[in-house]
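Please read the structure below before turning to the comments.
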Amino acid sequence: MVIVLTGGIFYLRWSLAGYRNKDNFVVEIEGHIIPYESMVVTCINLVNIYVIDRLYNLKWCSNSGTLPFFVSSFPLTPLFSFANNLLEICIDRFRVQNDCRRPRPQLASGIGIWTDILEVFVTVAIVSNSWVIFYTYVYVAVLSQYANIHGYKLTSDSNHLEMALFVTFVLVLLAIRPTIAKFIDDIPWYVCRQLARQKHFTKTCCTITQTTTRKM
């Protein structure tokens with residue numbers, strides 16, 4: 001749906017840009033003469049704000065959330081997702097530069113509840129992928145053969161041993177994930193430096209303004 005709406009908007013803009021007598025089309029609304037092109041641009045902006053942006057956010061979160069479920073079946077999935085994200089960023093840059101006129105930034109400290117949803121998706125994906133890995137490869141048979149070669153004998157039931165290996169593997173992965181996330185900064189260092197620089201300039205300007213006001 002996002003692709004269809006975006007394609008329709010591009011076609012509408014292309015058709016308006018190629019029409020020679022587009023300036024002769026006007027629409028009268030409550031006594032005001034409004035060019036037809038500005039009406040179309042307004043409708044395009046409304047569609048972008050209220051339809052495409054919300055579907056776009058849902059598409060990004062669903063794409064990132066369902067991606068880990070298919071890693072074990074097709075390991076190149078993250079690579080194709082990365083290429084798709086690069087293409088999406090280029091399209092967004094084109095839209096901001098050409099379709100928006102001084103776009104208003106939306107203040108947000110994060111993606112909201114989608115963070116918790118993605119965390120649940122990743123946890124379920126770890127368990128499901130571990131299940132697929134363990135039950136498509138005979139780890140117990142390989143372990144039994146390795147033990148017999150080195151003079152050991154496994155007395156436990158194979159099903160219990162396989163379940164124990166599965167649970168251990170899942171717990172190790174769940175412990176590694178927050179450890180790796182801890183070493184990745186939520187805000188890049190250059191953004192923190194720019195924010196500190198902006199805060200310093202703002203504080204300096206406020207101090208100069210107060211000093212000038214007191215002297216006057």
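So the sequence shown is numbered by the UniProt record's numbering: it starts at 1 and just counts up by one.
Think of the CB as a built atom: it goes at the ideal place given N, C-alpha and C, for glycine as much as any other residue.
Source: prediction; values computed, not measured.
Supposed contact pair residue j and residue i - C-beta distance, whole angstroms, cut 8 Å
i      : j      : result
PHE166 : TRP131 : 7 Å
PHE134 : PRO68  : With a Cβ gap of about 17 Å, PHE134 and PRO68 do not count as contacting.
Reduced DSSP secondary structure (H/G/I, E/B, other) of residue i
i      : result
VAL27  : For VAL27, the predicted model reports a pLDDT of 44, less than 50, meaning its position is unreliable; a value from the coordinates is still stated below. Of the three classes helix, strand and coil, the one that applies to VAL27 here is strand, per DSSP.
THR107 : Rather than Thr, the amino acid found at residue 107 in this sequence is Leu. Here LEU107 sits in coil by DSSP.
PRO178 : helix
VAL71  : coil
ILE183 : According to the sequence provided, residue 183 is Phe. The question's Ile does not apply to it. Here PHE183 sits in coil by DSSP.
TYR36  : Confidence at TYR36 is low in this model, with a pLDDT of 47, below 50, so the placement of that residue is unreliable and no value is reported for it.
Bounding residues of the alpha helix (DSSP H) (the contiguous stretch that carries residue i)
i      : result
ILE133 : 114 to 135
PRO78  : 77 to 98
Under 8 Å between C-beta atoms of residue i and residue j
i      : j      : result
ASN129 : SER72  : yes
LEU173 : ILE117 : no
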